[in-house]
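Undergrad: Sharing a structure, written as structure tokens. Questions coming.
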Amino acid sequence: MEKAYKLEFAGEKSGSLYVNCCGCSKTEPLHSFGPALKPHYIIHYILSGKGKFSIGGKTYPLEEGYGFLIAPEELAFYQASEKEPWTYVWVGFSGTKAEEYMKSIGLSISHPVFRSERSEELYQAVRDMMEHNTYGVANDLRRNGQLSLFLSIIAENVPLSEKNEGDRANTYVRKAVEFIQGNYCNPIRVTDVADYVCINRSYLYTLFQNSLGMSPQQFLMTFRITKATELLQLTSLSIESIAISCGYQDPLVFTKAFRQMKHMSPSAYRKEIQKGESRRNKEHLEQVEEFISQIEQLNKG
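Listed below in structure tokens is the structure:
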């Protein structure tokens, strides 16, 4: 038996991340669940007491301050201790980015357990979800915001050592590329990219060389110049406006970078485009398409 306060939410089931259910339970000795499946992700966090959790053929003895992840459609079992039954909160969630977030945090079937000393904050996040439990966009946004807060607290406490080295490297590169894609129009530097993914510049350089065969600086410049070629082809914007739109505050610096990559000035490139489908124009377009394809493949990974 258990004394549980549980809420199921029947709102819109779409989006990148949203709450399905949440609750708080004070269990009786040896109270258990399963072995059974859950239709969505669910995280339990232990506020007090002890118990055990089994998934993927492994069993984990757990106590206050620990939590565990159950992935969708994965057979799981958990049971309270006989002498010190646990009290826990839980949140069930889904969304198009739920799996990606779990991988980024470092939680999976092979690493389903985490520890956090911020029990009061985790409890308050779940309590706030439960207090804003009625239908309406305001409460939907509130609950989903608390879910993001709940996961961010957990993410801060999962040691990097628990994450697979290869997965971690791919995540750093993917997130760095996403940052560049979203901020290339601003005067960002490689140090800004490294700071965003929380690694030093030299390590970021190594990861980019291994994954893309170029440095972060080369990737940033290539991405900007690729965008510039699109604007030169598709718009009548001035060279200065295109430079600013691609993150170059000085048109002369932009022209130098463009010439370095395309072996001609931006104005000369635009004139050649206007001549029609010349052999060189085709080569440039192929280069652009190849570069965009490379980025898309990386994002899919």
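Residue numbers (our numbering): 14 to 314.
All residues carry an ideal CB built from backbone N, CA and C; glycine is no exception.
Computed from a predicted model, the values in this text were never measured in an experiment.
(1) Which runs of the beta strand (DSSP E), 3 residues or longer, sit entirely within the stretch 58-140?
(2) Take the Cβ of Lys269 as the centre, count every other Cβ of all protein chains shown within 10 Å, and call the residue buried at 16 or more, exposed below.
(3) Nearest-angstrom Cα distance between Tyr185 and Ile212?
(4) For Ser67, would you say it is in contact with chain B, using Cβ-to-Cβ distances shorter than 9 Å as the test?
(5) For Lys275, does the count of other Cβ atoms within 10 angstroms reach 16, so buried, or fall short, so exposed?
(6) Buried or exposed: Leu265, going by 16 or more other Cβ atoms within 10 Å of its Cβ?
(7) Can you give me the C-alpha to C-alpha distance between Asn33 and Lys284, rounded to a whole angstrom?
(8) In the DSSP assignment, what are the bridge partners of Ala182?
(9) Considering only the alpha carbon of each residue, which of Trp99, Lys116, Ile167 and Lys39 lies closest to Ala182?
(10) Using C-beta distances below 6 Å, list every residue in its chain close to Ser67, excluding the 5 sequence neighbours before and after it, in chain order.
(11) Please tell me whether, using a cut-off of 8 Å, the distance from the CB of Asp141 to the nearest non-hydrogen atom of the ligand ZN is below it.
(12) Could you check how far apart the C-beta atoms of Ile286 and Gln246 are, in whole angstroms? I think they sit under 8 Å.
(13) Mind checking which residues open and close the alpha helix (DSSP H) that includes Gly158?
(14) Looking at Ala111 and His53, is the spacing between their C-beta atoms short of 9 Å?
TA: Result, derived from the coordinates:
(1) Listed in chain order, the beta strand (DSSP E) runs fully inside the stretch 58-140 are 63-68, 71-76, 79-83, 89-93, 100-107 and 126-128, counting runs of at least 3 residues.
(2) Your numbering for residue 269 matches position 256 in the sequence shown. When all chains shown are included, Lys269 counts as exposed.
(3) Start at 1 with the first residue of the sequence shown, and residue 185 comes out as number 172. Start at 1 with the first residue of the sequence shown, and residue 212 comes out as number 199. C-alpha separation (whole angstroms): 8 Å.
(4) Here there is only one protein chain, and chain B is not present.
(5) For the purposes of this step, residue 275 is taken as the residue at position 262 of the sequence shown. Lys275 is buried by the Cβ-count criterion.
(6) Position 252 of the sequence shown, counted from the start, is the residue given in the question as residue 265. Classification for Leu265: exposed.
(7) Indexing the sequence shown from 1 puts residue 33 at position 20. Indexing the sequence shown from 1 puts residue 284 at position 271. Looking at the two C-alpha atoms, the distance is approximately 56 Å.
(8) Against the sequence shown, residue 182 aligns to sequence position 169. Bridge partners of Ala182: none, in fact.
(9) Position 169 of the sequence shown holds residue 182. Of the listed residues, the one whose Cα sits closest to Ala182 is Lys116.
(10) Translated into the one-based positions of the sequence shown, residue 67 becomes position 54. Around Ser67: Phe90.
(11) This structure simply doesn't include the ligand ZN, nor any ligand for that matter.
(12) The sequence position of residue 286 within the sequence shown is 273, counting from 1. The sequence position of residue 246 within the sequence shown is 233, counting from 1. Indeed, because the Cβ distance is near 5 Å, the residues count as touching under 8 Å.
(13) Taking the sequence shown and counting its residues from 1, the one referred to as residue 158 is at position 145. Gly158 -> alpha helix (DSSP H) spans Val150 to Asn170.
(14) In the sequence shown, the residue the question calls residue 53 occupies position 40. In the sequence shown, the residue the question calls residue 111 occupies position 98. Going by C-beta atoms, His53 is nearer than 9 Å to Ala111.
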